[in-house]
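Student: One structure, pasted below without further comment.
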Amino acid sequence: NAGVTQTPKFQVLKTGQSMTLQCAQDMNHNSMYWYRQDPGMGLRLIYYSASEGTTDKGEVPNGYNVSRLNKREFSLRLESAAPSQTSVYFCASTPAALKKYEQYFGPGTRLTVT
Amino acid sequence: SQKIEQNSEALNIQEGKTATLTCNYTNYSPAYLQWYRQDPGRGPVFLLLIRENEKEKRKERLKVTFDTTLKQSLFHITASQPADSATYLCALPSYQTGANNLFFGTGTRLTVIP
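Have a look at this one:
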């Protein structure tokens, strides 16, 4: 049981390049999330998927798109990377979109945009 | 807008003492509050959830209190050990993106000195 896995672990992009961050969970969780974490800002929600087939914007969705490929996988795409998107990105999942469940986080992807 | 204040960015204590971390929130009355631990270079790990009708919750050396009148949660680690050194995050339901999502504080970095 690997939990939540993310690829890649590190990535360096040039401004304007695109890339997709991959996330998968093997816990049969319904809800999945993408966060970014910046110094002094805490974790901020980018997009979430309450259940397979649905996605919604979080606090900071601009410049990102997501795909809930199936119940296991939730990807985050940067179409045209900008230096402001330099951050650590975390994927998380929870059993259901209910109020009482904790979130399980992946190890993170450290992205640098030059 | 939603706001969480965690007492300080960094807290240093001697091994064996009790560490007390504070989470203050504004603007609304959350149904629950969660605490997470984050080690450098890793994703957050869930520790405890406390509901609005619970005054206190314990897990091994951890204790959380929730005062909905003061809009404050206290997180205590008793008999602290160097292995407790980490950043501790407070999280509440998000009223911007929906109560099934979490809004995180910026965290308090705890260092336990041997």
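Chains as they are written, first to last, in the working numbering: chain U, 17 to 130; chain D, 152 to 265. A virtual CB, placed ideally from N, CA and C, is assigned to each residue, including glycine.
1. With the cut-off set at 8 Å, would you say U/P99 and U/V76 are in Cβ contact?
2. When burial is assigned at 16 or more other CB atoms within 10 Å of the CB, is D/T248 buried or exposed?
3. To the nearest angstrom, how far is the alpha carbon of D/K214 from that of U/Y120?
4. Assign D/L221 to one of two classes, buried (16 or more other C-beta atoms within 10 Å of its C-beta) or exposed (fewer than that).
5. Against chain U, with Cβ distances strictly below 8 Å, would D/A248 count as a contact?
6. Buried or exposed for U/L85, please, with buried defined as at least 16 other CB atoms from any protein chain shown within 10 angstroms of its CB.
7. For D/Q232, which residues in the same chain have their Cβ closer than 7 Å to its Cβ, ignoring the five residues on either side in sequence?
8. Would you mind working out which of U/A97, U/G32, U/P123 sits nearest U/S109, comparing C-alpha positions?
9. Against U/A97, what residues of chain D qualify as contacts under a CB-to-CB distance less than 7 Å, listed in chain order?
10. Answer yes if the stretch 52-63 of chain U comes into contact with the stretch 37-44 of chain U, meaning at least three C-beta pairs across the two stretches below 8 Å, and no otherwise.
11. So what does DSSP say about D/D115, is it helix, strand or coil?
12. Measure the alpha-carbon distance for D/Q157 versus D/Y187 and round it to whole angstroms.
13. Determine the chain U residues that contact D/S245 at a beta-carbon separation under 9 Å, and present them in chain order.
14. Quick check on D/P244: does DSSP put it in helix, strand or coil?
15. How about D/P195 and D/L225: are their beta carbons less than 8 Å apart?
16. Work out the CA separation of U/T70 and D/K208 for me, nearest whole Å.
17. Give a yes or no on whether the minimum CB-CB distance between U/M57 and chain D is below 8 Å.
18. Which chain D residues sit within Cβ distance under 8 Å of U/Q27?
Tutor: Reading it off the structure:
1. Within the first sequence, residue 99 of chain U is the residue found at index 83, counting from 1. Within the first sequence, residue 76 of chain U is the residue found at index 60, counting from 1. No.
2. Walking along the second sequence from the start, residue 248 of chain D turns up at place 97. Counting Cβ neighbours within 10 Å, D/T248 comes out buried, since at least 16 surround it.
3. Numbered from 1 along the second sequence, position 63 holds the residue referred to as residue 214 of chain D. Numbered from 1 along the first sequence, position 104 holds the residue referred to as residue 120 of chain U. When rounded, the distance between both Cα atoms is 21 Å.
4. For the purposes of this step, residue 221 of chain D is taken as the residue at position 70 of the second sequence. It is exposed - the Cβ of D/L221 has fewer than 16 other Cβ atoms within 10 Å.
5. Mapped onto the second sequence, residue 248 of chain D falls at position 97. In the sequence on display, residue 248 of chain D carries Thr and not Ala. By this cut-off, D/T248 is an interface position.
6. Taking the first residue of the first sequence as position 1, residue 85 of chain U is located at position 69. With fewer than 16 Cβ atoms within 10 Å of its Cβ, U/L85 is classed as exposed.
7. Locating residue 232 of chain D in the second sequence gives position 81, counting from the first residue. So the list reads E166, V263, once near-sequence residues are dropped.
8. Within the first sequence, numbered from 1, the residue matching residue 109 of chain U stands at position 93. Here the closest residue by C-alpha is U/P123.
9. The sequence position of residue 97 of chain U within the first sequence is 81, counting from 1. Going along chain D, no residue has its Cβ under 7 Å from U/A97, so there is no contact; the nearest lies around 22 Å.
10. no
11. Residue 115 of chain D lies beyond the residue range present for chain D, which begins at 152 and ends at 265; the question has no answer from this structure.
12. Taking the first residue of the second sequence as position 1, residue 157 of chain D is located at position 6. Taking the first residue of the second sequence as position 1, residue 187 of chain D is located at position 36. Roughly 13 Å separates the two Cα atoms.
13. In the second sequence, the residue the question calls residue 245 of chain D occupies position 94. The contacting residues are L61, G74, E75.
14. Mapped onto the second sequence, residue 244 of chain D falls at position 93. Three-state DSSP puts D/P244 in a strand.
15. On the second sequence, position 44 is the one that residue 195 of chain D refers to. On the second sequence, position 74 is the one that residue 225 of chain D refers to. No, these two residues do not count as a Cβ contact at 8 Å.
16. Numbered from 1 along the second sequence, position 57 holds the residue referred to as residue 208 of chain D. Numbered from 1 along the first sequence, position 54 holds the residue referred to as residue 70 of chain U. Answer to the nearest angstrom: the Cα atoms are 34 Å apart.
17. As a first step, residue 57 of chain U must be located in the first sequence, where it is residue number 41. True, the Cβ-Cβ gap to chain D drops below 8 Å.
18. Translated into the one-based positions of the first sequence, residue 27 of chain U becomes position 11. Those within 8 Å of U/Q27 in chain D number zero; the least Cβ separation is about 15 Å.
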